[in-house]
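Colleague:
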Amino acid sequence: MGIIKADDVTFEYIRRDEEGNVEGITTAVDHVSLDIKKGQFIAILGHNGSGKSTLAKHMNAILYPTEGTLWVDGMDTKAEEHVWDIRQRAGMVFQNPDNQIIGQVVEEDVGFGPENMGIPTKEIWERVEESLRAVGMYEFRKHSPNKLSGGQKQRVSIAGVLAMHPQCIVLDEPTAMLDPNGRKEVIRAIRGLNDVEGITVILITHYMEEIIYADKVFVMDQGAIAMEGTPREIFSQVEKLKSLRLDVPQVTMLAYELKKKGMNLPDGILITKELIDALRI
Amino acid sequence: MLRDITLGQYYQTESVVHKLDPRVKLGGTLLYIISLFLFENIWGYLVAGLFLALVVKLSKVPFRFMVRGMKTIVFLLLITVVFNLFLTPGEVLISFWKLKITKEGLWIAISMAIRLSMLIIGSSVMTLTTTPNNLTDGMEKMMSPLKVFKVPVHEVAMMMSIALRFIPILLEETDKIMKAQIARGADFESGNLLKRAKALVPLLVPLFISAFRRANDLAMAMEARCYRGGEGRTKMKPLVYKREDKLAYLVIAGYLVVKIAIGIVL
Chain X
42 MGIIKADDVT FEYIRRDEEG NVEGITTAVD HVSLDIKKGQ FIAILGHNGS
92 GKSTLAKHMN AILYPTEGTL WVDGMDTKAE EHVWDIRQRA GMVFQNPDNQ
142 IIGQVVEEDV GFGPENMGIP TKEIWERVEE SLRAVGMYEF RKHSPNKLSG
192 GQKQRVSIAG VLAMHPQCIV LDEPTAMLDP NGRKEVIRAI RGLNDVEGIT
242 VILITHYMEE IIYADKVFVM DQGAIAMEGT PREIFSQVEK LKSLRLDVPQ
292 VTMLAYELKK KGMNLPDGIL ITKELIDALR I
Chain C
-9 MLRDITLGQY YQTESVVHKL DPRVKLGGTL LYIISLFLFE NIWGYLVAGL
41 FLALVVKLSK VPFRFMVRGM KTIVFLLLIT VVFNLFLTPG EVLISFWKLK
91 ITKEGLWIAI SMAIRLSMLI IGSSVMTLTT TPNNLTDGME KMMSPLKVFK
141 VPVHEVAMMM SIALRFIPIL LEETDKIMKA QIARGADFES GNLLKRAKAL
191 VPLLVPLFIS AFRRANDLAM AMEARCYRGG EGRTKMKPLV YKREDKLAYL
241 VIAGYLVVKI AIGIVL
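Heads up: the sequence lines are chains X and C, in that order.
Here the first sequence is numbered in this note's numbering, starting from 42 and rising by one per residue.
Here the second sequence is numbered in this note's numbering, starting from -9 and rising by one per residue.
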């Protein structure tokens, strides 16, 4: 069993009217099964309302499956006694950087998680330093989070999760509110964690450019997994992605159109350099 | 425009007073305020004034910052002085029209003015030299014995520090909403008071909605980071008394002894 394993997970939102009668049931996650191995970089892709954020919240035991089971490091998320262990092992970074920074100074915010876990003071400081260095925010440790850019705030949030020494980090659209530069910064930090620290990363996003480094991609649609495979496998199915209302990166699109017009190009081109090389031959 | 507001009135500099434990400053200020109201004689005020001058000097905060705090209470101070001056019965010094200034009234007015100004300056020293965050920490630690009586000390302190963190964010948001409304023709500046208050409604509603949304997100983020109340929590920056703090307590105790001695002897 991998670090996160979902078996036939279904989650239903029950909408109620003012008297509390059931008005309708929305199935946000629909019989999802997946198995994520330690050290992998996983991307979960989907347009708005595809259920990807709901699925992410299951991995941190914020939500529990209505049906099916989800295990984090072998622990069932439904078991109440494991909740805190699960939250420590699978850290979570949310979309809005302002709404997840608790401290008034960068270093205090990073220390918040370890404080909650009851780590001794001296070790908290070591963890804070090491986490801030890992995301390249050590020079800003004394700053107020309000004065940082979006990308920097998001890196502080990542450091805050990192300081809890998780085995896996779930990032729920961490770049959705950032400008292109901030997005690059954050993605670089996330890749660093995966390559250097060997932490399992689950990146939830709707930006296609961010998933090209992933080991495995899941595409979600209407709560179910519609496609899964390596980025190359996913991107070679341009028509299907379009039918799921997802945009393909420009290069991939260009290669796809050229190929359709009869040029001899390989399937699923991901980066510009690849296309240039392919065209040179 | 709204972004320029700084919270509290912390004055950033390096000084002995800045480095003291917030508990020392909180306790010291409280004791100082009590000492001001203990005895009524000119020598006592002199000692209190000298002590205050010493602390102000040590804090390295320019004196005009202390006086700035006085501005807000000038009106209150004036009312107190005037009432005491004219309405205290006793030996009449000067009288004109229906008003009489009595000897007792004059003395009470002067001593009230001295007490109140020293009280304000004294507490300004505390707020100018302690960050709001530090102050919250100090209060939490000082109040922690109240936990026995089921007072949610940790929770209140946590709420205060979160409020402090979110004030600039909400101010910025107010600014944004205001501009968005102005762009669509809202008028916040003209009309009488009632009209202006009414104009604020379309500003407050979205602000409240967004504040609730933020609160919801923040609560989730805190839980995701294993927050489960004060129980079993350790501190990244625990408050520990250092040598200077103990020394400061001694100095405060010394001042109190002198002040009380003067009060009794004279």
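For glycine and all other residues, C-beta sits at the position ideal for the given N, C-alpha and C.
(1) Looking only at its own chain, which residues have a Cβ that is under 6 Å from the Cβ of residue 54 of chain X, when we skip the five neighbours before and after it?
(2) Would you report the Cα separation of residue 146 of chain X and residue 79 of chain C, rounded to the nearest angstrom?
(3) In terms of alpha-carbon separation, which member of X:124, X:188, X:91 lies closest to residue 246 of chain X?
(4) Label residue 82 of chain X either buried or exposed according to how many other C-beta atoms from any shown protein chain fall within 10 Å of its C-beta, with 16 as the threshold for buried.
(5) Ignoring anything shorter than 4 residues or poking outside the stretch 122 to 164 of chain C, list the alpha helix (DSSP H) runs there in chain order.
(6) Residues of chain C with CB under 7 Å from residue 152 of chain X, in chain order?
(7) Just the chain A side, please: which residues come within less than 8 Å of residue 159 of chain X by C-beta, in chain order?
(8) Can you tell me which residues form a DSSP beta bridge with residue 83 of chain X?
(9) Output yes or no for whether 8 Å exceeds the beta carbon distance between residue 111 of chain C and residue 56 of chain C.
(10) So with Cβ pairs under 8 Å, would you call residue 13 of chain C a contact of chain X?
(11) What does DSSP give as the partner residues of residue 131 of chain X in its beta bridges?
(12) Quick one: Cα of residue 210 of chain C to Cα of residue 208 of chain X, how far?
(13) In angstroms with no decimal places, state the Cα-to-Cα distance between residue 177 of chain X and residue 196 of chain X.
(14) Please list the terminal residues of the continuous alpha helix (DSSP H) segment that includes residue 273 of chain X.
(15) How far does the alpha helix (DSSP H) with residue 217 of chain X in it reach, from first residue to last?
(16) Taking the C-alpha atoms as reference points, what is the distance between residue 50 of chain X and residue 270 of chain X?
(17) How is residue 92 of chain C classed by DSSP in three states: helix, strand or coil?
(18) Taking only beta-carbon atoms, is residue 182 of chain C less than 8 Å away from chain X?
(19) Can you give the Cα-Cα distance for residue 288 of chain X and residue 282 of chain X, rounded to whole angstroms?
(20) Does the pairing of the stretch 108 to 127 of chain C with the stretch 34 to 53 of chain C give three or more beta-carbon distances under 8 Å?
(21) Which chain X residues are close to residue 199 of chain C, counting only those with a beta carbon under 8 Å from its beta carbon?
(22) Determine the contact status of residue 368 of chain X and residue 159 of chain C, defining contact as a CB-CB distance below 8 Å.
(23) Indicate whether residue 169 of chain X and residue 152 of chain X have their beta-carbon atoms separated by less than 8 Å.
(24) Taking only beta carbons into account, state which residues of the stretch 164 to 176 of chain X come closer than 8 Å to chain C, listed in chain order.
(25) Beta-carbon separation of residue 89 of chain C and residue 76 of chain C under 8 Å?
(26) Out of curiosity, what's the CA-to-CA distance linking residue 261 of chain X and residue 86 of chain X?
(27) If residue 119 of chain C sits next to residue 227 of chain C, beta carbons under 8 Å apart, how far is it from one beta carbon to the other, in whole angstroms?
(28) By the criterion of Cβ-Cβ separation under 7 Å, what are the contact partners of residue 158 of chain C in chain X?
(29) When burial is assigned at 16 or more other CB atoms within 10 Å of the CB, is residue 2 of chain C buried or exposed?
(30) With a threshold of 8 Å between beta-carbons, can residue 151 of chain C be considered close to chain X, or not?
(31) Shorter than 8 Å from the beta carbon of residue 112 of chain X to some beta carbon of chain C?
(32) Exposed or buried, what is residue -9 of chain C when buried is set at 16 or more other beta-carbons lying within 10 Å of its beta-carbon?
(33) Kindly list the residues whose CB is nearer than 8 Å to the CB of residue 206 of chain X, restricted to its own chain and excluding five residues on each side of it in sequence; keep chain order.
(34) Just to make sure I have the definition right: I need the residues of chain X whose C-beta is within less than 8 Å of the C-beta of residue 268 of chain C. Which are they?
(35) Can a CB atom of chain X be found closer than 8 Å to the CB of residue 165 of chain C?
(36) Is residue 245 of chain C helix, strand or coil by DSSP?
Modeller: A quick look at the data gives this:
(1) 67, 69
(2) 56 Å
(3) X:91
(4) buried
(5) 122 to 133
(6) 226
(7) Checking the listed chains, one finds no chain A in this structure; the protein chains it contains are X and C.
(8) X:243, X:257
(9) yes
(10) no
(11) X:209
(12) 20 Å
(13) 8 Å
(14) 272 to 276
(15) Unbroken run through residue 217 of chain X: none, as it is neither H nor E.
(16) 20 Å
(17) strand
(18) no
(19) 7 Å
(20) yes
(21) Per Cβ cutoff of 8 Å: no residues; residue 199 of chain C is ~14 Å from chain X at best.
(22) No answer is possible for residue 368 of chain X: the residues shown for chain X start at 42 and end at 322.
(23) yes
(24) 165, 166, 169
(25) yes
(26) 6 Å
(27) About 17 Å separates the two Cβ atoms, so there is no contact after all.
(28) 187
(29) exposed
(30) yes
(31) no
(32) A caution first: residue -9 of chain C carries a pLDDT of 37, below 50, which makes its placement in the model unreliable, though a value can still be read off. Flag for residue -9 of chain C reads exposed.
(33) 129, 168
(34) Since the first residue shown for chain C is -9 and the last is 256, residue 268 of chain C is missing from the structure and cannot be characterised.
(35) no
(36) helix
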